[in-house]
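**Student:** Just so we're on the same page, this note's numbering is the position in the sequence shown counted from 1, plus 17. Idealized CB from N, CA, C, for every residue including glycine. All figures in this text were calculated on a predicted structure; none of them were measured in a lab. Just passing along the structure, written as structure tokens.
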Amino acid sequence: MTGANVIITGANSGIGRAAARAFAAAGASVVLAVRDSAKGEAAAATMPGRTEVRRLDLADLSSVREFAAAWHGQLALLINNAGVMVPPLTRTADGFELQFATNHLGHFALTNLLLEHVSGRVVTVSSAAHRYGRIDFDDLNWERKPYKAWRAYGQSKLANLLFTAELQRRLTAVGSDVLATAAHPGYASTNLQFHSGRRISDLLGAIGNRLLAQSEEGGALPTIYAAVADIPGNSFAGPGGFMEQRGAPKLVGRAAAAADMDTARRLWDVSEELTGVRFPLLEPAVA
Ligand SMILES: NC(=O)c1ccc[n+]([C@@H]2O[C@H](COP(=O)([O-])OP(=O)(O)OC[C@H]3O[C@@H](n4cnc5c(N)ncnc54)[C@H](OP(=O)(O)O)[C@@H]3O)[C@@H](O)[C@H]2O)c1
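This is the structure:
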């Protein structure tokens, strides 16, 4: 990957950090896009090769715009990895529910703002939890119904797959060679399990991580596979072992809801409205 520019969101921790280290070891120039620069620098210090830390808060659209505006030149890989899982109900500066904002809307805006630079792939990290998600177009941001943290996480991770499907459809329609792919890590021992704000959940998370989870390096393998393996657009990679929770990566299935192109198009349109960011590529003019 010598000479390839790679951006990874949330690369200071967990599977993003492991993927960033692997790409840097393979010769890529890796940008760690993180909300806490000190944490980013600490992670970069553990990596070989060429790394750079840049600030990006996906839960703040002004930060996303600032990050994208500062990017110049080619981008081989954009890895939409950062995520937050089951926090207490939180609203972002833009007024969105935190999980939908961070996991989906921030990456939606980032991708479309950077897309003209991308030469290779956009990889978005989803989760097996997409299976219990539902896109509630009447209340995407949990303003009218009682907040259910796990349902909100599932909605955001289903949105990741619908986003990938619609992005690939649009790329194909404009004749682009860029691929949109997705991955999920199974169950990996990271910091993801410690945002609930409840001590008992954190304790259960710590026990589960210790006894059941694979390492962050194992959890990064589907991301790396989705980024470099010879696979078609809109592929979904996950662990090939026990119940898709661990093991070597392979292409995996998805819930029917994640392949519903009507929902994918509608979610795209709503995401454009909410973020004010549009798909930037136009169909080539007929000569
Ligand atoms: N671990 C698993 O078993 C598992 C399973 C399924 C899917 N996933 C997915 O894998 C991805 C990576 O998670 P992980 O397990 O590696 O968890 P992690 O160790 O908690 O890493 C998450 C990363 O996202 C960053 N992040 C959170 N909010 C952000 C924001 N507003 N702006 C920028 N960065 C932000 C975090 O930054 P801070 O360090 O500053 O918080 C951290 O770097 C997520 O999309 C998650 O949904 C993980």
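Which word fits Met-18, buried or exposed, when buried means at least 16 other C-beta atoms lie within 10 angstroms of its C-beta?
**Tutor:** It counts as buried.
**Student:** With a CB to CB cut of under 8 Å and the five nearest residues on each side skipped, what residues in its chain are close to Asn-97?
**Tutor:** Excluding sequence neighbours, Asn-97 sits near Thr-26, His-124, Leu-127, Thr-128, Val-139, Val-140, Thr-141, Val-142 and Asn-177.
**Student:** Is the segment 227-234 close to the segment 203-217, with three or more CB pairs under 8 Å?
**Tutor:** Output reads yes: the segment 203-217 touches the segment 227-234.
**Student:** Could you give the distance in angstroms between the alpha-carbon of Ala-50 and the alpha-carbon of Pro-104?
**Tutor:** Cα to Cα, Ala-50 sits roughly 21 Å from Pro-104.
**Student:** Pairs of beta-carbons, one from the segment 64-76 and one from the segment 37-56, closer than 8 Å: are there three or more?
**Tutor:** Touching, yes.
**Student:** For the alpha helix (DSSP H) that Leu-73 lies in, which residues bound it at each end?
**Tutor:** Where Leu-73 is concerned, there is no enclosing alpha helix (DSSP H), given that its DSSP letter is neither H nor E.
**Student:** Considering only residues of the same chain and omitting the five flanking positions on each side of Glu-133, which have a CB-CB separation below 6 Å?
**Tutor:** Excluding residues within five positions, the ones whose Cβ falls inside 6 Å are Pro-297.
**Student:** Does the Cβ of Ile-32 lie closer than 8 Å to at least one heavy atom of ligand 1?
**Tutor:** Yes; taking the cut-off as 8 Å, the Cβ of Ile-32 has a heavy atom of ligand 1 nearer than that.
**Student:** Under 8 Å, with one C-beta from each stretch per pair, do the segment 259-266 and the segment 280-291 reach the 3-pair mark?
**Tutor:** No, they do not touch.
**Student:** With a threshold of 8 Å, establish whether the CB of Lys-56 neighbours any heavy atom of ligand 1.
**Tutor:** At least one heavy atom of ligand 1 is nearer than 8 Å to the Cβ of Lys-56, so yes.
**Student:** How long is the line joining the alpha carbons of Leu-122 and Leu-284, rounded to whole angstroms?
**Tutor:** The straight-line gap from Cα to Cα measures roughly 10 Å.
**Student:** If you compare alpha carbons, which of Phe-40, Gly-66, Ala-223 and Phe-117 is closest to Phe-154?
**Tutor:** Answer by Cα proximity: Phe-117.
**Student:** Relative to the C-alpha of Thr-119, which candidate in Asn-29, Leu-78 and Leu-95 has its C-alpha closest?
**Tutor:** Per the Cα distances, Leu-78.
**Student:** Would you decide whether Glu-183 is buried or exposed? Buried here means 16 or more other CB atoms lie within 10 Å of its CB.
**Tutor:** Answer is buried; the Cβ neighbour count reaches 16.
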